[in-house]
Amino acid sequence: MSNQTLGPSVRPTGAGCEWSPTLLEQYHSQGYVLCRGLFSEKELQGVQDELPSILAGEDAEDDLHRERERSGAVRQVYLAHRHNALFRDLTQNAKITAPVRQILKSDCYVWHSKINVKDAFEGTVWLWHQDYGYWQFDGVDPRFVTAMVLLDRATVNNGSLMVVPGSHRWGTLAHYSDAVTTSYKQWCIEKQELVSRVKEEMIVHVTGEPGDVLFFDSNLVHGSGHNMSPLSRNTYLAVYNSIHNKPRPVENPRPDWVVARDFEVVPLT
Ligand code: SIN
Ligand code: MN
Numbered sequence: 409m410s411n412q413t414l415g416p417s418v419r420p421t422g423a424g425c426e427w428s429p430t431l432l433e434q435y436h437s438q439g440y441v442l443c444r445g446l447f448s449e450k451e452l453q454g455v456q457d458e459l460p461s462i463l464a465g466e467d468a469e470d471d472l473h474r475e476r477e478r479s480g481a482v483r484q485v486y487l488a489h490r491h492n493a494l495f496r497d498l499t500q501n502a503k504i505t506a507p508v509r510q511i512l513k514s515d516c517y518v519w520h521s522k523i524n525v526k527d528a529f530e531g532t533v534w535l536w537h538q539d540y541g542y543w544q545f546d547g548v549d550p551r552f553v554t555a556m557v558l559l560d561r562a563t564v565n566n567g568s569l570m571v572v573p574g575s576h577r578w579g580t581l582a583h584y585s586d587a588v589t590t591s592y593k594q595w596c597i598e599k600q601e602l603v604s605r606v607k608e609e610m611i612v613h614v615t616g617e618p619g620d621v622l623f624f625d626s627n628l629v630h631g632s633g634h635n636m637s638p639l640s641r642n643t644y645l646a647v648y649n650s651i652h653n654k655p656r657p658v659e660n661p662r663p664d665w666v667v668a669r670d671f672e673v674v675p676l677t
């Protein structure tokens, strides 16, 4: 079946917030796990209520970093985990950080965080890539986990994330830099690599509801389309790096909003 949506609910099992060996095994074999309903409507209400003022704010006033679409609409907001208490609490929530520690087998710090915004009839494409396609130039190894928290319903029409299960085992594919498709310079997988590896029936749309959380590997092939729908598609992505994988010096270090120099270990809560 092509363009399938994900199957039945997966919830964390076992004591506390740790994942079961089966769920961990699923993560390592597929390169991702979708935890449906990890956060309730009530738990998410606070961060959802913060969004309008975060989106309307100015970097100079609140120290966040915003990327914008060509239209001027906000495309991404970085640094909410540092400057907003509710996003900081979400980033440190054990329902996310306990499995992240299990996956990384170490303590971790926040590499960066971003609210990815796709306004109704506005948000634009993320071309096929691996996150490590961006981060490979930052002096680190691929020892990351990203937790993508759905803040809105994600549908095929509003540009839900697409993933290729198992593609993290392909290693890091050749990427090129695209500065024309969107306002944001994207690192994208070379077309030849895509043609030879990605078959239509492999593509899975991560559709879901607010409170669902996708955990994924930094070499998982993923992307997403335009928002062609009247529904906004906002998500929050917190990226965790192993504390043993701090960046080595590189020729062109990127700014702290995207490659954090704050190595504070995410506390056990
Ligand atoms: C998206 O927001 O659809 C893309 C997220 C990502 O590439 O990490
Ligand atoms: Mn990505």
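If you count by the working numbering, then the sequence shown holds residues 409 to 677, one letter each, in order. Even glycine gets a Cβ: it sits at the ideal position worked out from N, Cα and C.
Under a three-way DSSP split, which group does residue i fall into?
i, result
"L463", "helix"
"H652", "helix"
"H634", "coil"
"L494", "helix"
"S448", "coil"
"A423", "Reliability fails at A423, whose pLDDT of 49 lies under 50, so the model's placement of it is uncertain and the value that follows must be treated cautiously. Note: A423 maps to coil in three-state DSSP."
"T590", "coil"
"G616", "strand"
"L512", "helix"
"L432", "helix"
"I611", "coil"
"S604", "helix"
"W578", "helix"
"V349", "Residue 349 cannot be examined here, being either before or after the span of the chain that is shown, 409 to 677."
"E659", "coil"
"A506", "helix"
"V673", "coil"
"D470", "helix"
"D664", "coil"
"D527", "coil"
Go ahead and label residue i buried or exposed: buried means 16 or more other beta carbons lie within 10 angstroms of its beta carbon, across all protein chains shown.
i, result
"D467", "exposed"
"L676", "exposed"
"G480", "exposed"
"G424", "exposed"
"D670", "exposed"
"A582", "exposed"
"S410", "Because the pLDDT at S410 is just 38, under 50, the model does not fix this residue reliably, and the value given afterwards should be weighed accordingly. Exposed: under 16 other Cβ atoms inside 10 Å."
"T430", "exposed"
"V629", "buried"
"N600", "Note on identity: in this sequence residue 600 is Gln, with Asn being the wrong assignment. By the 10 Å Cβ count, Q600 comes out exposed."
With distances taken between CB atoms, is the gap from residue i to residue j smaller than 8 Å?
i, j, result
"R551", "N642", "no"
"G631", "M570", "yes"
"Q510", "E426", "yes"
"A488", "S437", "no"
"M556", "L432", "no"
"F535", "Q484", "The displayed chain sequence assigns Leu, not Phe, to residue 535. No."
"D560", "Y440", "no"
"P655", "V667", "yes"
"D470", "H491", "yes"
"A502", "N635", "no"
"L459", "V482", "no"
"V647", "T590", "no"
"V572", "V606", "yes"
"V673", "D546", "no"
"N649", "Y517", "yes"
"L622", "L452", "no"
"S637", "N524", "no"
"T580", "Y542", "no"
"L512", "V548", "no"
Check the DSSP bridge columns for residue i and list the partner residues they point to.
i, result
"E475", "Q484"
"N566", "None; N566 has no bridge partner."
"Y440", "F624"
"S521", "A646"
"H583", "I597"
"A534", "In the sequence as displayed, the identity of residue 534 is Trp instead of Ala. W534 is bridged to S632."
Self-check item: Contiguous alpha helix (DSSP H) assignments of at least 4 residues, all confined to the region 538-562
Solution: 539-543
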